[in-house]
Amino acid sequence: MEMVRLENLSFQYDDIPLLRDVNLSIQEGDFMGIVGPNGSAKSTLLKLMLGLLKPEQGQVMLLGKPVHQFREWRRIGYIPQNVREFNMGFPATVYEMISANLISQMGLFKRMTPKLDKKVREALDIVGLSDYADRRIGQLSGGQQQRVFIARTLVSSPCIIFMDEPLVGVDVDSQERFYELMEILNRDMGITLIMVSHDIGVVSERTSRIACMGRNQIFVHDTSTFKPEQYLEDMYGEKTRMMHHHH
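In my numbering, the protein residues as written are 540 to 786.
Written out as structure tokens, the structure is:
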């Protein structure tokens, strides 16, 4: 099944073209990494896929429907960059943060049911935070907070999750746990993943496909044949050197 399709998509901001006549197809079960230089419209691309921005021309299809007609938002997970701007002093527990994403399913009196409680507990178990349900969100490390927001997304049982630079400000150990979690979500649970990242080397090792952005275009590769050094040379010049670090 085709999860996302971009057809002849163009977008500009303040008369500055960012994307021009772009085509892209993301299939069910993909783990798609989106990489590119600063200003190459990576986050913009994600927002166009979600209908948060409107293209100048072309069409975005989400789960087989034009994005402006799409209504099944419970099937879509989205972790934006500004999730890290959440007020960590807010007096909410991990359980409360996650269960808040189920409020539309709580009925007239907005009460948790055993069925909804089970969803929260299962999401906590998946991200490895079962013992932290009653902990205040502000008491957690950056990596743990990140997993809370992933669990918050999981309770609605999404078939696809969009993530915009989810590893910024997260330590190396937490990044390793993040990719282990992504493997569970993608391989074991069958969730399609789309992740914007600046870390070309690691993304090319951890994802199944990679969309390289630059010069208003997108070029898609299978990561098994992708050569990050060649891409960096094309984008930045032949003197560019790649720094290798493994998580």
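Beta carbons are placed, not taken as given, at the ideal position from N, Cα and C, and that holds for glycine. No experiment lies behind these values; they were computed from the predicted model shown.
By how many angstroms is the C-alpha of Arg-559 removed from the C-alpha of Asp-656?
Position 117 of the sequence shown, counted from the start, is the residue given in the question as residue 656. Position 20 of the sequence shown, counted from the start, is the residue given in the question as residue 559. Going from the Cα of Asp-656 to the Cα of Arg-559 covers about 46 Å.
Per the DSSP calculation, Gln-549 is bridged to which residue(s)?
Taking the first residue of the sequence shown as position 1, residue 549 is located at position 10. Note that residue 549 is Ser in the sequence shown here, rather than Gln. Partner(s): Gln-596.
Tell me whether the beta-carbon of Ile-689 lies closer than 8 Å to the beta-carbon of Ile-615.
The count along the sequence shown starts at 1 and reaches residue 689 at position 150. The count along the sequence shown starts at 1 and reaches residue 615 at position 76. In this structure, Ile-615 does not lie closer than 8 Å to Ile-689 by Cβ.
Let me know the secondary structure DSSP gives His-607 once reduced to three states.
Against the sequence shown, residue 607 aligns to sequence position 68. It is helical.
Under 8 Å: do the segment 625-645 and the segment 572-582 share three or more Cβ pairs, one atom per stretch?
no
Under the DSSP definition of a beta bridge, which residues are partnered with Gln-566?
Here the question's residue 566 lines up with position 27 in the sequence shown. Paired residue(s): Glu-541.
Less than 8 Å between the C-beta atoms of Ser-736 and Glu-704, yes or no?
Within the sequence shown, residue 736 is the residue found at index 197, counting from 1. Within the sequence shown, residue 704 is the residue found at index 165, counting from 1. Taking 8 Å as the cut-off, the beta carbon of Ser-736 is found closer than this to the beta carbon of Glu-704.
So, under 8 Å CB-CB, Ile-676 and Val-659 are touching, yes? Tell me the CB distance rounded to an integer number of Å.
Here residue 676 refers to the residue found at position 137 when the sequence shown is read from its first residue. Here residue 659 refers to the residue found at position 120 when the sequence shown is read from its first residue. With a Cβ gap of about 14 Å, Ile-676 and Val-659 do not count as contacting.
Between Gln-685 and Val-707, what straight-line distance do the alpha-carbon atoms span, to the nearest angstrom?
Walking along the sequence shown from the start, residue 685 turns up at place 146. Walking along the sequence shown from the start, residue 707 turns up at place 168. Cα-Cα distance, rounded: 10 Å.
Name the DSSP beta bridge partners of Asp-560, please?
What you label residue 560 is simply residue 21 of the sequence shown in a count that begins at 1. Per DSSP, none; premise fails for Asp-560.
For Lys-581, count the other beta carbons within 10 Å of its own beta carbon; 16 or more makes it buried, fewer makes it exposed. Which is it?
On the sequence shown, residue 581 is found 42 positions in, with the first residue counted as 1. Burial call: buried.
Is it buried or exposed, Val-711, if we count other Cβ atoms within 10 angstroms and call 16 or more buried?
In the sequence shown, counting from the first residue as 1, residue 711 sits at position 172. The residue in question, Val-711, is exposed, as its Cβ has fewer than 16 Cβ neighbours within 10 Å.
Where DSSP assigns a beta bridge to Arg-748, which residues make up the other side?
Position 209 of the sequence shown, counting from 1, holds the residue named residue 748. Paired residues: Met-571 and Asp-761.
Considering just the uninterrupted stretch of the alpha helix (DSSP H) at Phe-717, what are its terminal residues?
Position 178 of the sequence shown holds residue 717. Run containing Phe-717: 711-722, per the alpha helix (DSSP H) assignment.
Taking the alpha carbon of Met-588 as the point to measure from, which residue in Leu-679, Asp-738, Leu-732 and Ile-739 has its own alpha carbon closest?
Within the sequence shown, the letter at position 49 stands for residue 588. Checking every option, the nearest Cα to that of Met-588 belongs to Leu-732.
With a threshold of 7 Å on Cβ separation, who are the neighbours of Leu-557 within its own chain once the five nearest residues in sequence on each side are excluded?
Taking the sequence shown and counting its residues from 1, the one referred to as residue 557 is at position 18. Hits under 7 Å: Phe-550, Gln-551, Ala-580, Thr-583 and Asn-755.
With a threshold of 16 other CB atoms inside 10 Å of the CB of Phe-717, please say whether the residue is buried or exposed.
By 1-based counting over the sequence shown, the position of residue 717 is 178. The residue is buried, with at least 16 neighbouring Cβ atoms inside 10 Å.
Considering only C-alpha positions, which residue in the set Gly-568, Leu-668 and Pro-630 is nearest to Ile-730?
Indexing the sequence shown from 1 puts residue 730 at position 191. When each option's Cα is compared against that of Ile-730, the closest is Gly-568.
Exposed or buried, which one is Ser-763 when buried takes at least 16 other CB atoms within 10 Å?
In the sequence shown, residue 763 corresponds to position 224, counting from 1. Classification of Ser-763: exposed, given that the 10 Å Cβ count is below 16.
Using only the alpha-carbon positions, how far apart do Gly-603 and Val-694 sit?
Here residue 603 corresponds to residue number 64 of the sequence shown, with the count starting at 1. Here residue 694 corresponds to residue number 155 of the sequence shown, with the count starting at 1. Straight-line Cα distance between these residues: approximately 23 Å.
Around the Cβ of Gln-596, are there at least 16 other Cβ atoms within 10 angstroms (buried) or fewer (exposed)?
The residue given as residue 596 occupies position 57 in the sequence shown. The C-beta of Gln-596 has fewer than 16 other C-beta atoms within 10 Å across all chains shown, which makes the residue exposed.
Let's test the definition: count the other Cβ atoms within 10 Å of the Cβ of Thr-779 and tell me whether it reaches 16, buried, or not, exposed.
Along the sequence shown, one-based indexing puts residue 779 at 240. Low confidence applies here, because Thr-779 scores a pLDDT of 45, under 50, leaving its location unreliable and the question unanswered by this model.
Using DSSP with H/G/I as helix, E/B as strand and the rest coil, what is Val-659?
In the sequence shown, the residue the question calls residue 659 occupies position 120. Val-659: helix per DSSP, three-state reduction.
Name the residue from Gly-572, Ile-757 and Tyr-770 whose alpha carbon lies nearest to the alpha carbon of Asn-547.
Taking the first residue of the sequence shown as position 1, residue 547 is located at position 8. Ranking the options by Cα distance to Asn-547, first place goes to Ile-757.
Under three-state DSSP, which class holds Gly-682?
Within the sequence shown, the letter at position 143 stands for residue 682. Residue state, collapsed to three classes: helix.
Of the residues Asp-761, Tyr-770, Lys-766 and Phe-765, which one's Cα is nearest the Cα of Ile-565?
Taking the sequence shown and counting its residues from 1, one reaches residue 565 at position 26. The shortest C-alpha separation from Ile-565 is found at Asp-761.
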